[in-house]
Amino acid sequence: MKPFVIVTDSCSDLSAEKRKKYDISYIEMSFRFDGKEYPADLDWKQIPFEHFYDLMRNGTTIKTAQVNVPQYVEAFERFIKDGYDILSISCSSVLSSSYNGSLVAKEQLLEKYPDAKIICIDSKNSCMGLGIMCIAASQMRSEGKTIDEVAAYIEEHKQEVNQFCTVESLTYLKKAGRVSAASAVFGGLLQVKPIIISDINGQNAAIEKVKGRKNSMNRIVEMFKAAYKDCPYQHVFVAHADAIEDAETLSEMINESMSGKLDIEIEKIGPIIGASAGPGTIAAYCIGAPVTFNSLSNEKK
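Below, the structure is given as structure tokens:
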């Protein structure tokens, strides 16, 4: 059986520790502010984590860029030359063009290397939702499963990865074009906090609006408990955008609601997701009940 690599992108928010432990590679996206471009590295080598979010708090607008086709070609070709098949798991195609870029790169490389195997998956998720899929794929690989078996499992179960997120301020979603200016102002005045999930299409969708930070965290706990299920490859994460105290509190609240049975890991939200969500964002992730909410259908009603 030919060995295979697992490749993802900067939206996975997998720390160096996690990438090393599970042998996962990633291709860097990039971000730009004040006329300079930076790699969206998940180890925060050029711009420290706290400084990145302080820049946003102080009014700096940060623009992001996706993985382009040449980047995918370069990375994939290196693995092919080293004798590996490739399982690429990308950020939701609704949020990023990375998945489409991986497909174009695959098509180009198969013309040159017809015996290569490259499988590209649209995760329909981001942040630690994407990270959970990559970790699950790695665990299956360690069990000796083939690339086809792993890819089939991820495709079959990816809608079971649940995200429950809330933001500190609607300002950054407004800048990113996720909410209207009027909604941001109105929501700010009333301290409205949206509860955001990754819907069936892979879109970040606000399914509820709650008044106040404490109430939004309580609602996340309720939704998490209702969705969670014991299953193979389960991992539970709480991610934060420079809001460690709230992340720790949310983790404790979730674990208490689940009778203390969970091993919850806290991770940092990376620069790509963070540039849209903004400082203070917190989110919980797990494998659970299949996601069925369709924001496109709701918009038509």
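Residue numbering for the sequence shown follows my numbering, beginning at 3 and increasing consecutively. Using N, Cα and C, we set each Cβ at its ideal position, and we do this for glycine too. The structure presented is a predicted model; accordingly, all values stated were derived computationally and were not measured.
query, result
"Got a sec? Which residues, its chain only, sit under 6 Å from Tyr-24 by beta carbon, not counting five neighbours each side?", "Ile-137 and Ser-140"
"Which complete beta strand (DSSP E) runs does the region 192 to 258 hold, if anything under 3 residues is left out?", "194 to 200, 206 to 213 and 238 to 242"
"With DSSP collapsed to three states, give me the class of Tyr-86.", "coil"
"Which word fits Gly-131, buried or exposed, when buried means at least 16 other C-beta atoms lie within 10 angstroms of its C-beta?", "buried"
"Starting from Arg-34, follow its DSSP beta bridges and name the residues at the other end.", "Glu-39 and Lys-65"
"Is the beta carbon of Phe-166 sitting closer than 8 Å to the one on Ala-286?", "yes"
"In the DSSP assignment, find the unbroken alpha helix (DSSP H) run with Ile-49 in it and report its ends.", "Looking at the DSSP string, Ile-49 is not in any alpha helix (DSSP H), and its letter there is neither H nor E."
"Leaving out five residues on either side along the sequence, give the residues of the same chain with a beta carbon under 7 Å from the beta carbon of Ala-153.", "Leu-89, Ile-121 and Ile-123"
"I'd like the list of long-range same chain contacts for Ala-207, defined as Cβ closer than 7 Å, with 5 residues on each side in sequence excluded.", "Ile-198, Ile-199, Asp-201, Phe-295 and Ser-297"
"Just list the alpha helix (DSSP H) runs in the region 116 to 159, keeping only unbroken ones of 4 residues or longer that don't cross its boundaries, in chain order.", "129 to 144 and 149 to 159"
"Are the beta-carbon atoms of Val-223 and Leu-264 separated by less than 8 Å?", "no"
"Which residue's Cα is closest to the Cα of Thr-283: Asn-203, Pro-41, Asp-117 and Ser-218?", "Ser-218"
"Excluding sequence positions up to five away, which residues of its chain have a Cβ less than 6 Å from the Cβ of Glu-170?", "Gly-282"
"With the cut-off set at 8 Å, would you say Asp-117 and Phe-6 are in Cβ contact?", "no"
"According to DSSP, simplified to helix, strand and coil, what is Ala-291?", "coil"
"Would you give the residue range spanned by the alpha helix (DSSP H) that Glu-113 belongs to?", "100 to 114"
"In whole angstroms, give me the CA-to-CA distance for Lys-211 and Ile-149.", "41 Å"
"Using the C-alpha atoms, what's the distance from Phe-33 back to Val-293?", "30 Å"
"In the DSSP output, what is Glu-267 paired with across the bridge?", "Phe-239"
"Does Gly-103 pass the burial test, meaning 16 or more other C-beta atoms within 10 Å, or should it be called exposed?", "buried"
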